[in-house]
Each structure stands twice: as C-alpha cells, then as structure tokens.
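Each remark here refers to the structure printed beneath this line.
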Amino acid sequence: MKKLFLIFIMLITPCFVFAAQNVYQFDSSDQEQRFNILTSELRCLVCQNQNLAESNAPLAADLRGQIYQKVQQGQSEKEIIDYLVTRYGNFILYRPPFDGSTLGLWLAPFLLLIVGVSYLLYYVRKKQRD
Amino acid sequence: MKPRSALPLFFFVLIIILLWRGLSLHPSQVPSPLINKPAPTFQLPELFNAKQTISDKNFLGHVTLLNVWATWCYECAAEHDFLVQLAHDDHVIFYGLNYKDDATKAQDFLKKYGNPYQRIAIDQAGVVAIDWGVYGAPETFIIDKKGIIRYKEIGPLTQDVWDRDLKPLIKKLENEPA
Chain R
1 MKKLFLIFIM LITPCFVFAA QNVYQFDSSD QEQRFNILTS ELRCLVCQNQ NLAESNAPLA
61 ADLRGQIYQK VQQGQSEKEI IDYLVTRYGN FILYRPPFDG STLGLWLAPF LLLIVGVSYL
121 LYYVRKKQRD
Chain S
1 MKPRSALPLF FFVLIIILLW RGLSLHPSQV PSPLINKPAP TFQLPELFNA KQTISDKNFL
61 GHVTLLNVWA TWCYECAAEH DFLVQLAHDD HVIFYGLNYK DDATKAQDFL KKYGNPYQRI
121 AIDQAGVVAI DWGVYGAPET FIIDKKGIIR YKEIGPLTQD VWDRDLKPLI KKLENEPA
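Respectively, the protein sequence lines represent chains R and S.
Residues 1 to 130 (this note's numbering) make up the first sequence, in order.
Residues 1 to 178 (this note's numbering) make up the second sequence, in order.
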C-alpha cells in the first residue's frame, strides 16, 4: 500500500517545466556565452524588472534576435552594447557606466553608509560619556 | 519634552522633499538618446501602396510628426480620434509608422476610424522601430526641417500634452530655416 501511495504521489507531482524560448544555435561556445552574458545584463524596456533573457515581451524577443544576428556576425560585446545604448540609452544596461551623470548613483550608498555609521558612533560615544 | 536634536527632523523633511519630488517623476519612461541627432536612415514600403517607399529623406524641408502606432495597441486607439482631429484642425504633417502590424488590419482600421497621416510606413519586422528606440507604442517623434529628431513623446497624445509639450516646440521649429 505504501509503495502504491508513493508511486501515486510521484505521478501527480509536476516536474519543473522550463518554457523554451527560441533555442538559438551558435557556431561556437564563445558566441553562445557572449549571447547569454549580453541578454542577462540588458534590461527589457517593456517589463523593466526583467532582463532580455527572461522577458516574454515581443520587444525582448526582437532584441534577442538582433543580438543573436550580431553575435553570429562576430561583433564584440562592446559593439553590440553600443548599438543598443545608441538607440535606448543607458537605462537598458543593468550595469550603468561610471561617469559624471551616474556618480551619485554609484557613490550614494557608500556615502550614506559612512554618514550613518559616523552618526551612530558619535551617538554611542556621547551616551557613554553621560 | 524638549527635543534633543534637530537632526531627525531635518532628515524627515529631507525625505519628504525627495518623496514629493518623486511623485512627479516617471522612471519607467525611458528618455530617448536620439534627441538632437539625425533621424535614423530607413526605407520602408508605404501602407496603402507597397510599391512606393518612404525614407528619412522625406523628412527634409518641413516639420514632421512621426507617430508609431499599431492596431493591436490599445492606447493608440485611444489617441487616434485626437490625431484625426489634430490633422484636420492644425496644419501639422503627420507621418505614421505602423509597427509590427498586419497591413490589411491597419488599412481597415484607418478606413473605418479616419486617417490622420499624410504618409504611412509599414514596419512589419519592427527593425526600423528598434533604430528609433521604440519600446512601446504609441510614441510620437518631432523631426525638424533638417531631419533632426528634436522631441519624443512617450504615450498617447492628448490635448493637454499637445498644448504643453508639442505645440510650442512645433511653432518654434517651423520658424527655423530648412
């Protein structure tokens, strides 16, 4: 009985199904890796909290297609990123560049941390003195 | 009870200011990096006459509004009546970019609901739209007489948006030399 029950449970438990989006064929594992890196580090502009690899949006599918073609043509990561940033701006990158306009974005967390810890130390010391 | 420090109040006010500012921001709208750059080169067939083509050269000599639309796009249908009225009342030149659509459906839609466009390019593959940085219809670009993109409106055009953002710019561009 126990065995039958076990088999029954196994039969009704769904297996993980990974929906296959177009499976692209690559000429080399180098190209495949480039494609995977690019699509995982580029934002989907329609579903903006997903990357191009995950998103089911039609635009994401189109951009994956463009990236695939360019990877097949042998374009470098930089060339493909430039292609997309020229058209969509820095927002498409999950890793924004470190320049004048993004200085605040990159440094603010550290600055806030320093300010917060300094204040904490100051407050604790003050309490100890009293 | 006398407060011991003004610091918490200071931070509170600062946060309130930042949050208040945040209410009027639209972070999901992606600003276009194509502003003040020449319109991307393209050549596409016309919707109502596939043997004719339309290209970026057609922008030269006049101020053009390029409206990216599709029959599957709900918000495009919402702005359509306004576009038809605008094309009728104002003398702006509307070009349409039919985006990833079925040509027959697009033609039928315009025949049924009115056609505000002087010319319509059909981009079935959506590749030209990628060159324009299109990520969600409807989008409207203002292109000056020299073929330079000067403005991009994301979302449907309404009277308010028109009066506030587009009309003043178009007036200014029309006074610029070709």
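Every residue, glycine too, gets a C-beta built ideally from N, C-alpha and C.
Residue environment analysis places asparagine 115 of chain S among the buried positions, since at least 16 neighbouring C-beta atoms fall within 10 angstroms of its C-beta. Here the alpha carbons of proline 96 of chain R and glutamine 85 of chain S stand approximately 42 Å from one another. At least one CB atom of chain R sits nearer than 9 Å to the CB of glycine 126 of chain S. For proline 45 of chain S, the enclosing beta strand (DSSP E) stretches over residues 43–45. Between proline 168 of chain S and lysine 145 of chain S, the gap from beta carbon to beta carbon reaches 9 Å or more.
In the same chain as tyrosine 88 of chain R, and ignoring 5 residues on each side of it, the C-beta atoms closer than 7 Å to its own belong to Leu45, in chain order. Between tyrosine 151 of chain S and chain R, the shortest Cβ-Cβ separation is not below 9 Å.
In the structure shown, the three-state DSSP call for asparagine 115 of chain S is coil.
Residue pairing by DSSP places glycine 96 of chain S opposite S:Asn67 and S:Ile120 in a beta bridge.
Put simply, the backbone Cα of glutamine 43 of chain S is about 57 Å away from that of glycine 116 of chain R.
For the options R:Ile114, R:Arg34 and R:Ser118, the alpha carbon positioned closest to that of valine 71 of chain R is the one of R:Arg34. Taking 9 Å as the threshold, the shortest C-beta distance from proline 58 of chain R to chain S falls below it. Any Cβ of chain S closer than 9 Å to the Cβ of aspartate 62 of chain R would place that residue at the interface, and such an atom is present.
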